[in-house]
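K.L.:
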Amino acid sequence: MVKVRIPTPLRPMTGGKSEVETQASDIQAMIESLNGQFPGLKSRICDDAGEIRRFVNIYLNEEDIRFMKGKDTPLKDGDQISIVPAIAGGSAGKRPRLFERRSAETSRLRNAAGMGECDGKGVS
21 MVKVRIPTPL
31 RPMTGGKSEV
41 ETQASDIQAM
51 IESLNGQFPG
61 LKSRICDDAG
71 EIRRFVNIYL
81 NEEDIRFMKG
91 KDTPLKDGDQ
101 ISIVPAIAGG
111 SAGKRPRLFE
121 RRSAETSRLR
131 NAAGMGECDG
141 KGVS
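Heads up, the sequence shown is in my numbering, so the first residue is 21 and it goes up one at a time.
#1: Nearest by alpha-carbon distance to T34: which of F87, T93, F75, Q57 is it?
#2: For the region 93-100 against the region 59-70, do three or more pairs of beta-carbon atoms, one drawn from each stretch, fall closer than 8 Å, so that the two count as touching?
#3: Where do the N-terminal and C-terminal ends of the beta strand (DSSP E) with R25 fall, by residue?
#4: I believe A106 touches F75 by the beta-carbon criterion, under 8 Å. Please report the beta-carbon distance rounded to the nearest angstrom.
#5: Taking a contact to mean a Cβ-Cβ separation below 8 Å, would you say I47 touches I78 in this structure?
#6: Measuring CA to CA, which of P59, A44, S63, P29 is closest to K23?
#7: Using DSSP bridges, identify the partner residues of Q100.
#8: What residues are listed by DSSP as bridge partners for D84?
#9: Please state whether the Cβ-Cβ distance between K91 and I72 is less than 8 Å.
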């Protein structure tokens with residue numbers, strides 16, 4: 021058996037369990053086994069082509085499987101797998117007001133000092 025750590029966003033699919041056990045020979049078989057126990061889990065981990073989604077990282081004993089054999093990475097009894105969703109920051113939308121005020125204040129001070137707009141090169 022291998023132990024699989026389930027990330028918080030997927031726990032509703034596992035009945036709230038943060039860790040589950042399954043029998044599998046490799047990562048692909050583990051995903052299939054988990055999907056058998058928890059229907060729909062595979063679609064959250066893999067895309068329509070069956071490939072692990074870009075934003076899902078899977079670690080075997082704290083080693084990223086992308087640097088091993090990917091889905092074909094072999095498993096053995098006692099292995100620990102962690103499924104970790106990638107975390108992204110920022111927003112393509114409007115900047116928070118804090119930055120707007122800071123930018124406006126910076127522009128005002130630069131103009132008052134006769135420095136003009138910032139060219140990103142700093143002050144010489």
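A virtual CB, placed ideally from N, CA and C, is assigned to each residue, including glycine. Nothing here was measured: the structure is a model prediction, and the numbers come from that model.
P.N.:
The relevant details are as follows:
#1: Ranking the options by Cα distance to T34, first place goes to Q57.
#2: The region 93-100 is not in contact with the region 59-70.
#3: It spans 22-25 - the beta strand (DSSP E) in which R25 sits, taken as one unbroken run.
#4: About 4 Å separates the two Cβ atoms, so the contact holds.
#5: Yes, Cβ-Cβ distance for I47 and I78 is below 8 Å.
#6: Restricting attention to P59, A44, S63, P29, the CA atom closest to the CA of K23 is found in A44.
#7: Residue pairing for Q100: DSSP places it in a beta bridge opposite K23.
#8: Here D84 is bridged, per DSSP, to Y79.
#9: Yes, Cβ-Cβ distance for K91 and I72 is below 8 Å.
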